[in-house]
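4 protein chains.
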Amino acid sequence: MSAVGFALLGHGFMGAAHSRALHSLRAMTPATRPQLVSVCGRDPVAVEAFAERYGWQAGLTDWHEQVADERAAVFDNAAPNHMHLEPTIAAIRTGRHVLCEKPLGRSATEARRLWLEADRAGVVHMCAFNLRFLPAVRLAHDLLATGELGEPTHFRGRFLASSALRDDQRRTWRFRRSDAGSGAVGDLGSHLVDLARYLVDEPVTASAFTATFVGERDGATVDVDDAFSAVVGFDGGAIGTLEASRAAGRRSNELSFEIDGTRGSLSFRIDRLNELELITERKHSRRIDVTDPSHPLLELWWPEPGHAIGWGASFVHELRHLIAAICDGGSVRPHGADFEDGYRCAEVCDAILRAAESGQREAVEYRQLPVTARGTAP
Amino acid sequence: MSAVGFALLGHGFMGAAHSRALHSLRAMTPATRPQLVSVCGRDPVAVEAFAERYGWQAGLTDWHEQVADERAAVFDNAAPNHMHLEPTIAAIRTGRHVLCEKPLGRSATEARRLWLEADRAGVVHMCAFNLRFLPAVRLAHDLLATGELGEPTHFRGRFLASSALRDDQRRTWRFRRSDAGSGAVGDLGSHLVDLARYLVDEPVTASAFTATFVGERDGATVDVDDAFSAVVGFDGGAIGTLEASRAAGRRSNELSFEIDGTRGSLSFRIDRLNELELITERKHSRRIDVTDPSHPLLELWWPEPGHAIGWGASFVHELRHLIAAICDGGSVRPHGADFEDGYRCAEVCDAILRAAESGQREAVEYRQLPVTARGTAP
Amino acid sequence: MSAVGFALLGHGFMGAAHSRALHSLRAMTPATRPQLVSVCGRDPVAVEAFAERYGWQAGLTDWHEQVADERAAVFDNAAPNHMHLEPTIAAIRTGRHVLCEKPLGRSATEARRLWLEADRAGVVHMCAFNLRFLPAVRLAHDLLATGELGEPTHFRGRFLASSALRDDQRRTWRFRRSDAGSGAVGDLGSHLVDLARYLVDEPVTASAFTATFVGERDGATVDVDDAFSAVVGFDGGAIGTLEASRAAGRRSNELSFEIDGTRGSLSFRIDRLNELELITERKHSRRIDVTDPSHPLLELWWPEPGHAIGWGASFVHELRHLIAAICDGGSVRPHGADFEDGYRCAEVCDAILRAAESGQREAVEYRQLPVTARGTAP
Amino acid sequence: MSAVGFALLGHGFMGAAHSRALHSLRAMTPATRPQLVSVCGRDPVAVEAFAERYGWQAGLTDWHEQVADERAAVFDNAAPNHMHLEPTIAAIRTGRHVLCEKPLGRSATEARRLWLEADRAGVVHMCAFNLRFLPAVRLAHDLLATGELGEPTHFRGRFLASSALRDDQRRTWRFRRSDAGSGAVGDLGSHLVDLARYLVDEPVTASAFTATFVGERDGATVDVDDAFSAVVGFDGGAIGTLEASRAAGRRSNELSFEIDGTRGSLSFRIDRLNELELITERKHSRRIDVTDPSHPLLELWWPEPGHAIGWGASFVHELRHLIAAICDGGSVRPHGADFEDGYRCAEVCDAILRAAESGQREAVEYRQLPVTARGTAP
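Chains as they are written, first to last, in the numbering used here: chain A, 134 to 511; chain B, 134 to 511; chain C, 134 to 511; chain D, 134 to 511.
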């Protein structure tokens, strides 16, 4: 395959992130250089400007045109949550491979429908949990997978922001349950849940509190959470805390996690994304700078260590991984999250919301696909 | 008052910490220079060696001798948890002022009895939550009290150790419910609960998980928790997570907390106890080195900033505070924890244990003293 | 101007850095989207592979073809030091705008010739001191320029590597005076000198030590320095230390600097390039995360703070700055280094080498261009 | 020996530090519990208050009384620099063991006289370079001594303060050459020189700049340096930079050093004095928290790691070391600095001052004692 065409739905923050990553990839993967076929959005002027700036061949306002376009092997859905379901299913049904931003659906039910469709159609499917593609996160995964830290006992994940505390913060779609599904749980918490699943184990129970600190915006009730705090039990016996907030002081997108095992611990914080902290001896804390070319994913970049990569690189790695899966006829697992991962993450988020509502410890209800569904697309 | 006599029960880690602090105080408070009257423990040889090393005038093996000794204004209980109740009540009843190590009792019921007795007797009473007396913690308190961070929205407290993972770790009293009351909850978690109460607000509800990773030691069942993770709701609407573990990799006594409010955030970690991190502007993180003599508690120390104090200083400050309260005929509040604080902390710990057992969100059941009890000692 | 063509000489580390930056720029500057016209190197197979990987339209082996190619407005010299002089002068004489990697020449004499030629020809000229284009460095510049830190009193610059200590390290051109001019002084130290000049002031005197720890490689004498330590006096009275080494333990490209003024201090280290540390109050250290879109250069990137950029972004900013200077018919100053800056830096490096040799404090001998030279190209 | 008596000259900052350390020692070394015999100073009221506060048995105003007092085995000179020579020699001649604050003399000549006298008298002598007695510094020493970092190639030492920039800073004795000998060189720089000598090697050459940023105070000329920057060559071939300033922004007593060797590097900063950073693998930085009881000097303190000690502990360790040397009839070397170390340090400081004056690289002129002098006291 000499090139892989992309059709992008959405031209907001994530649309820009994906566009830039595709350009960076053009300087890295000559054999499968991505083509920027079309971008789609509701506002024709804004779409046109975006297409011009980022070099998309066409700017469209109707996503139906995209899903039928044979030049685009990939339908890349970077639109708001309520625009995930219908266009992505349409694209799957016309044989596109699909990449969908997180959270996969507004609920586990939606997410499961997407998984079912993609699985049945046999296309490559990926849920855009880009943090899996940071080198320090990959290193964390490898250290846990090889038993370097022993058996996991604790996971702590935090994603702290303050967007709900800004005076000028309007009631955008992110503050409406009908559009977003939930608040901090789905938007920020889903990243933490995915990291917990990728790095540690499957959460099986959850207790939680949610809070909505600003109850009304633009004269209307806010019906989603501004923040949540949850404790989870993992399948293998570890316990953990998950917490996300849009009402944390002046913090801006501060994601961090820590994992303890029976033989060691590690810590990561996204503002120092080129570093992983490791504790495997008493009172020795090792800061590993992952810019050394020997680290996974770094082979793409510079010949000498000491040259930090940025957050945007996570998208470069993610899209490269997707393209490789497509070209190899395979799946994005284990390092990429597919729609099953998107679904399982949604079940944990739903259990957290149920637990906050009921005041009870809730079981996470993972459901399998019907056996007959797999690979049965016409 | 020209001097304040101390009788110390217990000569373990805490006994040493209190002894050293008393010697340091002798070089700081000439008017009320403490006297080291007697130390008491079960093993006569060990007590004698301890008395010799730390300069106690007498080494005893029967605490009943101490509680009757008029030369000691203060009965300082640094013994294991199951030795808190009886000797402390006896000392109260003979008119000693009392300092008792945390947790105050093995249960809220025990702690409440101690509070009731001390309150009725009208003596000065203090529960040794020494971390309140670190300058950075005091600064955190002052910043929150003056509204610098706005209304609190989140508290996160962690106390991570690995003592339960050491191969040679025997089933000491800390692993027996009859002696300790609980495991990580009472031993480590009580510090977090006290800090949450001192700095933020009263917890009123809790959901929690506990875990015992090593179920048997020395051939006997471990009937306390190795670790817990809890979410709590505060009276004013903030939510928080509390977590303590004796099974966290290779970590050694790593206590840390973070508080977010509507206008700012702060962080503290005990391995850098001379620092407080403050975030009151977007993407500006301010590290305040509290060694400047203008900081509270620092006036005792050095004339120039840049001269770190150690963990042991918390005991110097705590004991100085207690002596001042005794000499002034007052109470240790607000900066010191008294037996009411020790009791209220115990109620939160009990609620966490109940919630872990029931799988339900549990209310914290604070009870007042009977009105007639206060100040009614003969 | 709808596009700006580039001809690149050299396809090593810097060639890759420039190529990737040009691709990133294509997703950022639609009006002046750069064109990758040709790349040139000695080895035809390697050049071809590089051209294919990075999407250059042609791969050449004779730079004379490049300097005559009208499609390339810019001649970008990313070749080793001994290849800076002749091709760059040839490109200037055919009217190319020129970008040349640092150090500009192997000596101040060479650097001055390049400056003289570029100045006389009236082309836009830039010496690739890319670190000026990191947002944290720009912020440092702005804080100093506005007097936030008072009058500068001290500069400390360090660039520490260990390449000369690796067992397999051959005697490449970097270890030969005839090819490189000097060792750590020109390769690493030139960055420090440029930062000192950009941020603080002109160095006017220097005392120095150099050291060559491994005197022989591949059977031949190493005739350049492995390391140097220098003290410099600045024009306005500040004093400073500069130090670079290829023999510093296991360090890899650790550049850092600190500046003290009469009212405050700042610190920067390249492994945390999205941060600047600022001290303007006693014992308050402020870590500024420069990912906020309000910081200079960040407007190009993401709409939300908290999204780190990488080292490669310095080249994106640098090349964008060069293109803007060309399109505006202006110069790259003050934020870009031009050939005069490249020359003045070389004079400081030469003074350091002279001082190490003589054991005396040496004056830096800045020379002006002859008055008649400026803008007199045919 | 059941107790060791101390006579203290000086009751300023250092007098307080020594007094507190003696009290702490009383709770640590029962066999050789120090006695606080007398303190001496010019102002009778201040001396009396100091004696009362710190528990000294007598407060004197004439040091001649102290040197003749048989109850004091140790004469502890914590007075300003110009009061080091005469009283210390008098004490030596009456057979006192001597501890003298740094710098030992106002010049190498003075320091050599003190060394000569102490050596001839055969008393135990110690120059109070207390930083050698921080556990992290001891660990650095041990790592270098065992070759863990290979052969040293670089030393960088910094001691940054801003006392000379405070508006209210008067022309105290520290700003007068006749009293202090020099400015930042002797006061701050001497610590760096001693650390370089203790940890790395003997400096043998120096080039330097000094600066006096505020030339006049209280209407009189300041005739000492506010700051210096020096490069030094070590006997074994390493090179280094030393820098101290009283005019560094808002910095307060920020001492730090870094050492690189052929196999690794280490860093220390005094505001985090319980930590040592170590780099022995590419891009792995190891932060060692030295509170583990297995570290040297920590056996005195707590049974569990994670309990930070303070800056004051350096004096506790130093005085304990001195007492042990006295009781064992030995010397304070290798971990303590004796008067020979005080002298050799002074020679380096003098060479730095000469080099700053001459603009030339100056040799450090270490002189031995006359052979006949050693141990020849009556």
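In this text, a Cβ means the ideal position worked out from N, Cα and C, and glycines have one as well.
- Each residue's CA atom was taken as its position, placing alanine 297 of chain D and leucine 399 of chain C some 19 angstroms apart.
- Taking a Cβ-Cβ cut-off of 8 angstroms, the neighbours of arginine 419 of chain A in chain D comprise His417, Ser418, Arg419, Arg420, given in sequence order.
- For alanine 205 of chain D, no alpha helix (DSSP H) encloses it, and the DSSP letter there is neither H nor E.
- Pairing glutamate 335 of chain B with aspartate 368 of chain B gives a Cβ-Cβ distance under 8 angstroms.
- Scanning chain D for C-beta atoms nearer than 7 angstroms to the C-beta of isoleucine 456 of chain B yields nothing, as the closest lies near 16 angstroms away.
- Those residues of the region 387-407 of chain D placed with their C-beta closer than 8 angstroms to a C-beta in chain C are Asp393, Gly394, Thr395, Arg396, Gly397, Ser398, ordered along the chain.
- Contact residues of the region 425-439 of chain D toward chain A are Asp425, Pro438 (C-beta to C-beta distance below 7 angstroms).
- As the crow flies, the alpha-carbon of leucine 332 of chain D is around 29 angstroms from that of alanine 254 of chain D.
- In terms of CA proximity to aspartate 356 of chain C, C:Leu486 leads the group C:Thr279, C:Gly145, C:Arg500, C:Leu486.
- Separation of isoleucine 225 of chain D and glutamate 250 of chain D (C-alpha to C-alpha, rounded to the nearest whole angstrom) is 7 angstroms.
- One thing to note: arginine 350 of chain B has its Cβ within 8 angstroms of the Cβ of arginine 303 of chain B.
- Where glutamate 387 of chain A is concerned, the enclosing beta strand (DSSP E) starts and stops at 387-394.
- Of all C-beta pairs linking the region 399-416 of chain A to the region 436-448 of chain A, three or more are shorter than 8 angstroms, placing the two stretches in contact.
- Between isoleucine 412 of chain A and histidine 417 of chain D, the beta carbon gap of about 13 angstroms keeps them out of contact (Cβ cut-off 8 angstroms).
- Residues of the same chain with a CB within less than 6 angstroms of the CB of arginine 204 of chain C, apart from the 5 flanking positions on each side, are Gly138, Val170 in chain order.
- Secondary structure of glycine 397 of chain B (DSSP, three-state): coil.
- Counting only runs of at least 3 residues, the region 153-237 of chain D fully encloses the following beta strand (DSSP E) elements, listed from N- to C-terminal order: 166-173, 191-193, 207-210, 230-233.
- DSSP places arginine 271 of chain A in the helix class (H, G or I) of the three-state scheme.
- Closest by C-alpha distance to isoleucine 392 of chain B, out of B:Gly382, B:Ala380, B:Ile372, is B:Ile372.
- If you draw a straight line from the Cα of phenylalanine 342 of chain D to the Cα of histidine 287 of chain C, it comes to about 11 angstroms.
- If you check each beta-carbon in the region 135-162 of chain C against every beta-carbon of chain A, the ones closer than 7 angstroms belong to Phe146, Ser152, Arg153, His156, Ser157, Arg159, Ala160.
- DSSP places arginine 500 of chain B in the coil class of the three-state scheme, outside both helix and strand.
- For glutamate 376 of chain C, the secondary structure class from DSSP, reduced to helix, strand or coil, is strand.
- Taking aspartate 483 of chain B as the centre and dropping the five residues before and after it, the same chain places the C-beta of Ser240, Ala241 closer than 7 angstroms to its C-beta, in chain order.
- For alanine 269 of chain A, there are no C-beta contacts with chain C under 8 angstroms, since the nearest C-beta of that chain is about 12 angstroms from it.
- Check the Cα spacing between glycine 352 of chain A and each of A:Trp189, A:Phe361, A:Thr305, A:His197: the tightest is with A:Thr305.
- Annotated three-state conformation of arginine 245 of chain A is helix, per DSSP.
- The DSSP-derived three-state label of histidine 324 of chain C is helix.
- Arginine 384 of chain B sits buried, since 16 or more C-beta atoms from the chains shown fall within 10 Å of its C-beta.
- Cβ neighbours of alanine 184 of chain A within its own chain (closer than 6 angstroms, five residues either side excluded): Val172, Gly192.
- For glutamate 432 of chain C, the closest of C:Leu282, C:Leu455, C:Leu267 by C-alpha to C-alpha distance is C:Leu267.
- Excluding residues up to 5 positions away in sequence, Leu399, Ser400, Phe401, Ser418, Arg419, Arg420, Ile421 lie with their Cβ nearer than 8 angstroms to the Cβ of glutamate 410 of chain D in the same chain.
- Taking all protein chains shown into account, proline 167 of chain B has 16 or more neighbouring C-beta atoms within 10 Å of its C-beta and is therefore buried.
- Distance from the CA atom of tryptophan 196 of chain A to the CA atom of serine 157 of chain A, rounded to whole angstroms, is 25 angstroms.
- For the set D:Gly382, D:Glu480, D:His454, the Cα lying nearest the Cα of proline 429 of chain D is the one of D:His454.
- DSSP, reduced to helix, strand and coil, places serine 491 of chain B within a helical segment of the structure shown.
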